[in-house]
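To start, the structure under review is shown below, and the notes come after it.
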Amino acid sequence: MPDRKRPIGIFDSGLGGLTVFKELRGLLPGERLIYFGDTARVPYGTKSAEAVVSFSREIAAYLLAKRIKLLIVACNTASSLALGEIRKVSPVPVLGVIEPGVRAALAAVPRGGRILVTGTTATVNSRAYSRALAAGGVKVTQQPCPLFVPLVEEGWCSKPVAATVAREYLARYRGKADALILGCTHYPLLKKVIAGVMGPRTKIVDSARAAALAAREELAARGLLNPGRAGRSEFVVSDAPERFSALALRLLGIRTGRVTVKRF
Ligand code: DGL
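With the first letter of the sequence shown counted as 1, position 48 gets the number 47 in numbering that gives the first Met the number 0; the numbers rise by one all the way through.
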């Protein structure tokens, strides 16, 4: 098979990475996309670095065996903790969501500006965002928002409880940040609520969109873009395919069709 016709592999701890998948699907309609959601072991955000690295390596090996041309780690927690390990063993380029998110945030604020990073506890503790941003000459504050993930998984993005939780985490930063990074793949689904709490002064940086743009750039630079029109999408999860399928439709309007199960 010519290299440009090979699929792109994408993985996340569960369904959050579908925010990246959706952006990719829109940007690259000709590509064959294989999405893996580790629904048996989600969430990663509360697990140890060792566990996240080991899960990520297993999934990367599974996707690489499908002869993918690019691997996208569509999970901030796995990108923070496991990207280096995966790059060491991957024969194809590996993109995470942190670097594109950092670049987009730095482009959105003046030098010396203030950026608020939101994410899971594991992502915040890894300091992956804050180190990369500080090197770009901005002031960084981090805020873990662990309750956002279960709110999204429950489909409660526009219920009053979502705004209550967002206020609890973020109200103290209102008007004080030039940009806020949605440093978790679930958070774009709460973008409106988060923007409402932060106020109009704060730009909201969506790392899912930034990652999809980076993937297109990477493929174009290597001459690997698939010029076709109707690339197939395949979905694989490690547990509960029906729930995954139902949530993909309810939260993101994605019709998955049949979802395959792969257990490790
Ligand atoms: N996908 C994860 C992330 O982007 C959030 C969900 C989890 O904790 O596994 O960090």
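All C-beta atoms, glycine included, are put in the ideal place defined by N, C-alpha and C.
Practice task
Could you tell me whether any non-hydrogen atom of ligand 1 is closer than 6 Å to the CB of N124?
Solution key: Not under cutoff, so the answer is no.
Problem - Contact test: P149 Cβ vs ligand 1 heavy atom, cutoff 6 Å - result: The answer is no for P149.
Handout entry: Within the stretch 201-257, ranges of the alpha helix (DSSP H) (whole runs, at least 4 residues)
Key = If only complete runs of 4 or more residues are kept, the stretch 201-257 shows the alpha helix (DSSP H) at 206-220, 240-251, in order along the chain.
Exercise for the section: Could you pull the start and end residues of the beta strand (DSSP E) that R113 belongs to? Expected result: For R113, the enclosing beta strand (DSSP E) begins and ends at 113-118.
Practice task
Please work out which residues of its chain come closer than 6 Å, Cβ to Cβ, to T122, disregarding the five sequence neighbours upstream and downstream, and give them in chain order.
Solution key: When the five nearest sequence neighbours on each side are left out, the beta carbons in the same chain lying within less than 6 Å of the beta carbon of T122 are those of N75, T76, S79, G182, in order along the chain.
Exercise for the section: Provide the residue span of the beta strand (DSSP E) that contains G95, from first to last. Expected result: Looking at the DSSP string, G95 is not in any beta strand (DSSP E), and its letter there is neither H nor E.
Handout entry: Cutoff 6 Å; reference L224; Cβ partners in own chain excluding five residues on either side
Key = Apart from sequence neighbours up to five positions away, the residues of its chain that approach L224 with a beta-carbon distance below 6 Å are L218, ordered along the chain.
Handout entry: Cβ-heavy atom distance, C156 to ligand 1, below 6 Å
Key = Every heavy atom of ligand 1 is 6 Å or more from the Cβ of C156, so no.
Handout entry: Supposed contact pair R228 and V196 - C-beta distance, whole angstroms, cut 8 Å
Key = Wrong, their Cβ atoms sit about 40 Å apart, outside the cutoff.
Problem - Alpha-carbon to alpha-carbon, K4 and G118 - result: One C-alpha to the other measures close to 34 Å.
Problem - Unbroken alpha helix (DSSP H) run spanning P149, endpoints - result: Per DSSP, P149 belongs to the alpha helix (DSSP H) from 147-152.
Practice task
Count the other CB atoms, across all protein chains shown, that sit within 10 Å of the CB of G100; report buried if there are 16 or more and exposed otherwise.
Solution key: By the 10 Å Cβ count, G100 comes out buried.
Problem - Any non-hydrogen atom of ligand 1 within 6 Å of V108 CB - result: Incorrect: V108 has no Cβ contact closer than 6 Å to ligand 1.
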